[in-house]
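Position one of the sequence shown corresponds to residue 261 (this note's numbering), numbered consecutively onward. Quick reminder that beta carbons are idealized off the backbone N, C-alpha and C, glycines included. Since the structure is predicted, the reported quantities are computational estimates derived from the model, not experimental observations. Working notes for the structure below.
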Amino acid sequence: TFNGAPAVTPAASGPGGAGAIEFTTATNVTISDNAFDNLAALTVCAWVYRPSTPTAVGFTGLVGKNVAGNDGWDMYGQSNNEVFGFSQPGAGYKQPGGILTADTWVHVCASWDGNYNTSSMKVYRNGVEVSLGAGTSYGSIQDDAANDITIGGTAAYDFDGRMAGVRIYNRVLTDPEIAQLHALGY
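What follows is the structure, encoded as structure tokens:
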């Protein structure tokens, strides 16, 4: 469901000449699908374009199944810098900098292997794993069955920019698989 009328952009505006969806404040896409409820492991990938002068400020939701803060997973950025993060309650979160370069298409992936610690989480930029450091662990795995998948932000965390090629897998992709997705423009 398209909420708040995000714009589908012409083919030339996306990575590799593909189309993209342009989000502004209060726009997103939601997907209701039981196949993504309470995944035991996952990988989420997307092409993300963050403008240098965004209108949304602070944390920005990219792709997630998280409504109330700690009840599902979330791939997010920060509008005013290059921080990219992945959060899975029960495992924690990691927020490396230097990922979301302004005015550039960046391929990002995040994976979680189902274990309850931050070492079970990985983040990739343009097909290469990023060193994350220790991260922060917290909580326990929460039931996310009541949440829809949201692409392009939530009511609390708007995303201002473009996204393309969003993919969600119910397993951890290998390093070569993620490198191949990037190389093929997926």
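Quick one: residues in its chain with C-beta nearer than 6 Å to the C-beta of residue i, no 5 flanking neighbours on either side, listed in chain order?
i      : result
Lys325 : Gly332, Trp333, Asp404, Asn407, Ile409
Ser273 : Ala280
Ala286 : Gly264
In angstroms with no decimal places, state the Cα-to-Cα distance between residue i and residue j.
i      : j      : result
Phe501 : Val268 : Not covered by the structure: residue 501. The range shown for the chain is 261 to 446.
Ile411 : Val323 : 4 Å
Leu360 : Cys369 : 12 Å
Ala443 : Phe419 : 25 Å
Leu299 : Ala362 : 32 Å
Gly421 : Asn375 : 32 Å
Ala278 : Ala306 : 13 Å
Ile290 : Gly264 : Per the sequence shown, residue 290 should be read as Thr rather than Ile. So the alpha carbons of these two residues sit roughly 11 Å apart.
Ala416 : Ala439 : 32 Å
Ser292 : Tyr429 : 15 Å
Met423 : Leu441 : 15 Å
Glu437 : Gly321 : 25 Å
Asp373 : Val304 : 12 Å
Lys382 : Gly425 : 19 Å
Indicate whether residue i and residue j have their beta-carbon atoms separated by less than 8 Å.
i      : j      : result
Leu302 : Ser371 : yes
Phe283 : Pro266 : yes
Gly387 : His367 : yes
Gly413 : Asn288 : yes
Arg427 : Tyr446 : yes
What residues match up with residue i in a beta bridge as DSSP calls it?
i      : result
Ser371 : Thr303, Lys382
Arg458 : Any answer about residue 458 is impossible in this case: the structure gives the chain only from 261 up to 446.
Glu389 : Tyr384
Val289 : Phe262, Ile411
Glu282 : Ala267, Arg422
Tyr429 : Thr303
Phe319 : Gln338
Looking only at C-alpha atoms, which of the options sits nearest to residue i?
i      : options                : result
Tyr384 : Asp297, Thr434, Phe319 : Thr434
Gly357 : Val390, Trp365, Lys382 : Val390
Asp297 : Glu437, Ala424, Gln402 : Gln402
Within a Cβ cutoff of 7 Å, which residues of the same chain sit near residue i, ignoring the five residues on either side of it in sequence?
i      : result
Trp365 : Pro275, Trp307, Tyr309
Phe319 : Tyr336, Gln338, Tyr417
When you compare the CB of residue i with every CB in chain D, is at least one pair closer than 8 Å?
i      : result
Val390 : The chain labelled as chain D is not found in the depicted structure, where only one protein chain is given.
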